[in-house]
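Colleague: Quick one: this structure, given as structure tokens, is what I'll be asking you about.
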Amino acid sequence: MNILGPKQIQATDPFSLVEAALKQAKQFKKDFGFEYTEIWCVFDRDQHTIFSDAQILAKKHKVKIAYSIPCFELWVILHYQEQNAEIDPRKLISSLKHKCGLDDYDKNGSALFKVLEENREIATIRAKALRRRHEKDDRPPWTNPSTNMDELMERLYKLFEKN
Numbered sequence: 003m004n005i006l007g008p009k010q011i012q013a014t015d016p017f018s019l020v021e022a023a024l025k026q027a028k029q030f031k032k033d034f035g036f037e038y039t040e041i042w043c044v045f046d047r048d049q050h051t052i053f054s055d056a057q058i059l060a061k062k063h064k065v066k067i068a069y070s071i072p073c074f075e076l077w078v079i080l081h082y083q084e085q086n087a088e089i090d091p092r093k094l095i096s097s098l099k100h101k102c103g104l105d106d107y108d109k110n111g112s113a114l115f116k117v118l119e120e121n122r123e124i125a126t127i128r129a130k131a132l133r134r135r136h137e138k139d140d141r142p143p144w145t146n147p148s149t150n151m152d153e154l155m156e157r158l159y160k161l162f163e164k165n
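Taking the working numbering, I'd label the letters of the sequence shown as residues 3 to 165.
Okay, structure coming up:
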């Protein structure tokens, strides 16, 4: 498993992240003579306008996307409560700090993983319910709020169980 963050690849928008992942995969094949079995890009929508272009490029090259809309904090808050209505990212962060008791919230902090593990199953149920509701209402899966971070987490847990 090879995990790269935005600082290592110098990409800030979804399309650039997918491009950087493809470039990294090409270099990996050149260096080691075989391909990655899976490539995932993780991003949120925030204010990015080229989100659709990233989806198209990812699909073309079989890159999987783990997304959170409007932002990563949706995945975090689903560990604590349901979130069915459209929400502004700033309100999500405020809710995490005040309603969920994560006063020192840092999405890049290593302590967050331990906090989230406890309620991962309920967050997965809530994330799937959001996607089903969007499908039932004939809305795109990229509707605010929506996330498929549960799919990436499930995949990672399966990989770790094998090792």
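Where a beta carbon is used, it is the ideal one built from N, C-alpha and C, also for glycine. The structure displayed is predicted, hence computed values, not measured ones.
(1) Can at least three beta-carbon pairs, one atom from the segment 83-97 and one from the segment 53-62, be found at a separation below 8 Å?
(2) At the level of alpha carbons, what is the spacing between Y159 and Q12?
(3) Excluding five sequence neighbours on each side, which residues of the same chain lie with their C-beta closer than 7 Å to the C-beta of E84?
(4) So L59 packs on I79, CB below 8 Å; how close in whole Å?
(5) What do you reckon, is the C-beta of I79 under 7 Å from a heavy atom of the ligand PLP?
(6) Mapping the DSSP letters down to three states, classify V78 as helix, strand or coil.
(7) Consult DSSP for F36 and reduce its assignment to one of helix, strand or coil.
(8) Give the straight-line distance between the Cα atoms of K31 and T126, rounded to the nearest whole angstrom.
Modeller: A quick look at the data gives this:
(1) no
(2) Numbered from its first residue, the sequence shown carries residue 159 at position 157. Numbered from its first residue, the sequence shown carries residue 12 at position 10. Distance between the alpha carbons of Y159 and Q12 is about 27 Å.
(3) Counting from one through the sequence shown, the residue named residue 84 turns up at place 82. Same-chain partners within the cutoff: R128.
(4) As a working mapping, residue 59 is identified with position 57 in the sequence shown. As a working mapping, residue 79 is identified with position 77 in the sequence shown. That pair is no contact at about 29 Å.
(5) No copy of the ligand PLP occurs in the structure displayed, which carries no ligand at all.
(6) As a position in the sequence shown, residue 78 is number 76, starting the count at 1. Residue state, collapsed to three classes: helix.
(7) Residue numbering aside, residue 36 sits at position 34 when the sequence shown is read from its first letter. Correct three-state label for F36: coil.
(8) Translated into the one-based positions of the sequence shown, residue 31 becomes position 29. Translated into the one-based positions of the sequence shown, residue 126 becomes position 124. Cα to Cα, K31 sits roughly 33 Å from T126.
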